[in-house]
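Structure first, then comments.
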Amino acid sequence: MSGKIIFATGNAGKMKEIRMIMADMGMEIISMKEAGISVEIEENGSSYEENAMIKARAVAACTENIVMADDSGLEVDALGGEPGIYSARYLGEDTPYSIKNADIIKRLEGVADEDRTARFVCAIAAILPDGSELSVRAAIEGRIGYEEKGDNGFGFDPIFYVPMFGRTTAELTEEEKNQVSHRGKALELMKEELKRHENSGC
1135 MSGKIIFATG
1145 NAGKMKEIRM
1155 IMADMGMEII
1165 SMKEAGISVE
1175 IEENGSSYEE
1185 NAMIKARAVA
1195 ACTENIVMAD
1205 DSGLEVDALG
1215 GEPGIYSARY
1225 LGEDTPYSIK
1235 NADIIKRLEG
1245 VADEDRTARF
1255 VCAIAAILPD
1265 GSELSVRAAI
1275 EGRIGYEEKG
1285 DNGFGFDPIF
1295 YVPMFGRTTA
1305 ELTEEEKNQV
1315 SHRGKALELM
1325 KEELKRHENS
1335 GC
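Throughout, my numbering is defined as the position within the sequence shown, counted from one, plus 1134.
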């Protein structure tokens, strides 16, 4: 494949991850901001897939390049799956994640280790220049910790404990995180979808 991929996000931490994981595609990957695209996007879908596609379609209307968008969230079983698709808006969009993380830990006070199960979920949507729409989903299972740990991640990473590593996702190296993270796995799936689409001659 040639050309550019425009990713519908303004999150610098997310763009760094995406560029690392997608590096072998041999394509320039830029954010919508870097592409000079500024559109109001209302994420009013009822699933990660719907929200990702809403973002992708909004940006695709402004460019001839491949557009990708993701929607991800943290699902905490003891909280009935909250915050889920509302993760970015949990306690307000502009609320620092240190406050969001502290709130989730407080809500889990007294909850035993084995009942602190949670997962990060990521859906990625892509719209191709020919109008084709692709969608994938992936997840990583873990538990909610008892305090924030680690400086390598962003968002809920400091409280998401990954048993196979014995550390939070914010304590993992970039390479470790990209191997197992919900976004890393979803991006790998999307790479396969893009290759399959190209090879089909569509």
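Ideal placement from N, C-alpha and C gives every residue a C-beta, glycine not left out.
Keep in mind the model is a prediction, meaning the values are calculated, not measured.
DSSP, read as helix, strand or coil, puts residue 1318 in helix.
Segment contact: the segment 1234-1254 against the segment 1292-1307, three or more CB-CB distances shorter than 8 Å; contact assigned. Annotation: the continuous beta strand (DSSP E) that includes residue 1273 extends over 1267-1278. Under the three-pair Cβ rule at 8 Å, the segment 1317-1329 counts as touching the segment 1258-1272. If you draw a straight line from the Cα of residue 1140 to the Cα of residue 1215, it is about 31 Å long. A Cβ-Cβ distance of about 5 Å is found for the pair residue 1149 and residue 1165, placing them in contact under the 8 Å criterion. Secondary-structure assignment with DSSP links residue 1219 through no beta bridge to anything. Rounded to whole angstroms, residue 1301 and residue 1311 show a C-alpha spacing of 11 Å.
Close CB contacts of residue 1203 within its chain, under the 6 Å cut and outside five residues either way in sequence, are with 1142, 1186, 1189, 1190, 1259 (chain order). An exposed status is given to residue 1229, since fewer than 16 other beta-carbon atoms sit within 10 Å of its beta-carbon. Look at the beta carbons and you see the segment 1250-1257 touching the segment 1205-1215: at least three pairs across the two are nearer than 8 Å.
Looking at 1170, 1240, 1317, the one whose alpha-carbon comes closest to that of residue 1282 is 1240.
Contact annotation: residue 1231 and residue 1160 have beta-carbon atoms that are not nearer than 7 Å. Take the alpha-carbon of residue 1279 and the one of residue 1212: they are about 13 Å apart.
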